Amino acid sequence: MSPAQSYTGMLLGILFLVSSVWAVSAGQAEYHVPDPRHLSKAKDLLQQFQLIDTHVDTPQVFRVMSRQPHDMIETMATGFPGHFDIPRAREGGVGGVFFTVWSPCQDQIGVDVGPDFLNPDDTVRDVLEQFDLINGIVEQNNQTFSLATTAEEMEHAFSEGKIGVMMGMEGSHMLGNSLATMRVYASLGVRYLTLTHVCHSAFASSAGGGAGTDGSALKPVHAGNGLTDFGRALVLELNRLGVMVDLSHVTPQTMHDVLDITRSPVLFSHSATRALYDHPRNIPDSVLERIGSKPGQNLGVIHSILTDLFMGPGNATIDTVVDHVEYIAHKCGKAHVGLGSDFDGMPSTVKGIDGDEDWPKLIAEFVRRGWTDDEIHGLVSGNLRRVMRENEQVKRTLVADLPSRAIYEKRTDLPAPNWGGPSGAYLPPKVRELVFHRRHDEL
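For the sequence shown, the residue numbers in mature numbering (1 follows the signal peptide of the UniProt record, and there is no 0) are -26 to -1, 1 to 417.
Printed below as a string of structure tokens:
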């Protein structure tokens, strides 16, 4: 046995003694039905505390299933064949949900983005159509859903017995290389941006390794394999806008680069820990150690995913999810954990979870392990709402700051003299003269 193997075994042994559950069996894990007392307690807690799921992909699946995605909205009430719909959300005690706005990384659908991410694509159109679709879902089910853009509005939805709906975006490849586009998205209600999906962008480096890939890390394209200078400008602009920076999917270096500069608590909307399952998509300890309530740490929150892809394909159970949450809680504190399913965006779930109706089974395991009511409150919604409020407070403190003037340095379309018409025919004479002399000087 090598020294590294010996140290790993010792560490896992210590963790097992601390939690009595963290060591993962080498055999096929099986899901065990929870004790009825724990399940009953879990259902009561979910009715009281209102779980907020930070990552649900249902709107994008509507686009997959129908040429007229709005025709799929009625399945929210009648029953959807995926993971999420109204009856199951109600059964599972869901009080809030972030519907994700997403368009595929273009290389996954055969579109070449070019070496500098400048080739045109349809992602901005697709994003706007998904905003419209989510608004339609809420409007056609307004007795159940209430659109929210702040923690207070989410809590108001709870008070009315409705499910609060927020919007998150999964990937900066959908910004068209423009901070102005992000500002428009924020004005339309986006409250978090995952910096990458499974592709690099002009802003940041992706870990890759997502569903539909071979699971390996992406080849780096940016110096340092982290944020670009333009990406740093994006992070600071998100802080100014009150939009949470989501670090799921990105490389560890991108995580560190964000933590070095952000003025707001970060979010991991659907992640797992690399110490318990070594996958490029998961969070390493070096990052976990920077999240918490101690001086110098970021006050963010890490939401554990419910797919087995990043916890042990075919072998992960509800227990495995709780193991990951408890490991993160051990590193960061219980005030920094949450739950983000990735429902309707994954091919397989952990054993014991089929959809939204099964949240009580998961919470029952936390009850069994001795989590207090207050700790479970934080886990299911309280910790996230704190982070939302803190991002909103940073926005208020920066209200006098002007929007970022940063422009992607590799764009070639600005200035745009051709917008002035043939030979500047649309321009006032003095403007036309200035444009002519400027172009002459540049040449």
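Glycine is no exception: its CB is placed at the ideal position from the N, C-alpha and C atoms.
Computed from a prediction, not measured in an experiment: that's the story for all the values here.
Using a Cβ distance threshold of 8 Å, Lys384 and Leu92 count as a contacting pair. Gly312 is a Cβ neighbour of Asn357, given a cutoff of 8 Å. When only Cα atoms are considered, Met362 and Pro396 end up about 50 Å apart. Only residues of its own chain outside the window of five on either side were considered, and among them Leu153, Ser378, Ala380 have a CB closer than 7 Å to the CB of Ala207, listed in chain order. Per DSSP, the continuous alpha helix (DSSP H) segment holding His130 begins and ends at 125 to 133.
Looking at the DSSP output, Tyr166 shares a beta bridge with Gly142, Met218. As a beta-bridge residue in DSSP terms, Ile276 pairs with Phe242, Val311.
In terms of CA proximity to Arg165, Glu364 leads the group Trp345, Arg99, Glu364. For Val7, there is no enclosing beta strand (DSSP E), as DSSP gives it neither H nor E. For Leu336, the uninterrupted alpha helix (DSSP H) segment begins and ends at 333 to 342.
In the structure shown, the three-state DSSP call for Lys384 is coil. Taken atom to atom, the span from the alpha-carbon of Ile265 to that of Ile257 is near 11 Å.
No Cβ-Cβ contact shorter than 8 Å links Val232 with Ala181. Following the DSSP letters along the chain, one finds His351 in no beta strand (DSSP E) but inside the alpha helix (DSSP H) bounded by residues 347 to 351. CA-to-CA, the gap between Val261 and Gly150 works out to about 29 Å. Taking a C-beta distance under 8 Å as the contact criterion, Trp333 and Gly67 qualify as a contact pair. Here the region 207 to 221 makes no contact with the region 182 to 190; the two share fewer than three CB pairs at distances below 8 Å.
A residue is called buried once 16 or more other Cβ atoms fall within 10 Å of its Cβ, and Val405, having fewer, is exposed.
When the beta-carbon positions are compared, Phe317 and His57 come within less than 8 Å of each other.
The DSSP-derived three-state label of Leu201 is coil. Under DSSP, the beta-bridge partners assigned to Ala191 are Gly182. Secondary structure note for Val361: its alpha helix (DSSP H) is the uninterrupted segment 357 to 371. C-alpha of Arg370 to C-alpha of Pro239: approximately 15 Å in a straight line. Nearest Cα to Gly145 within the set Ala51, Val219, Thr247: Val219.
The region 84 to 99 and the region 111 to 118 do not touch, with fewer than 3 CB-CB distances between them shorter than 8 Å. Listed in chain order, the non-local C-beta contacts of Pro321 below 7 Å within the same chain comprise Ala185, local neighbours out to five positions each way being set aside. Taking each of Tyr5, Gln82, Ile108 in turn and checking the Cα distance to Pro33, the smallest one comes out for Ile108. Note that the C-beta distance between Thr294 and Glu4 is not below 8 Å. Bridge partners of Lys325 according to DSSP: Thr291. When the alpha-carbon of Lys325 is set against those of Pro287, Thr74, Gly352, the nearest one is in Pro287. Taking the CA atoms as reference points, Ser179 sits about 32 Å from Gly138. Contact check for Leu241 and Val275: beta-carbon distance about 6 Å, within the 8 Å limit, so the pair qualifies.
Taken through DSSP and simplified to helix, strand or coil, Gly70 comes out as strand. In terms of Cα proximity to Val85, the closest of Asp9, Cys173, Arg360 is Cys173. Taking C-beta separations shorter than 6 Å and ignoring five residues to either side along the sequence, the partners of Asp31 in its chain run Thr74, Asp318, Gly319, following chain order. Inclusion of Leu102 and Ile350 in the CB contact set at 8 Å is not warranted, their separation being larger than that value.
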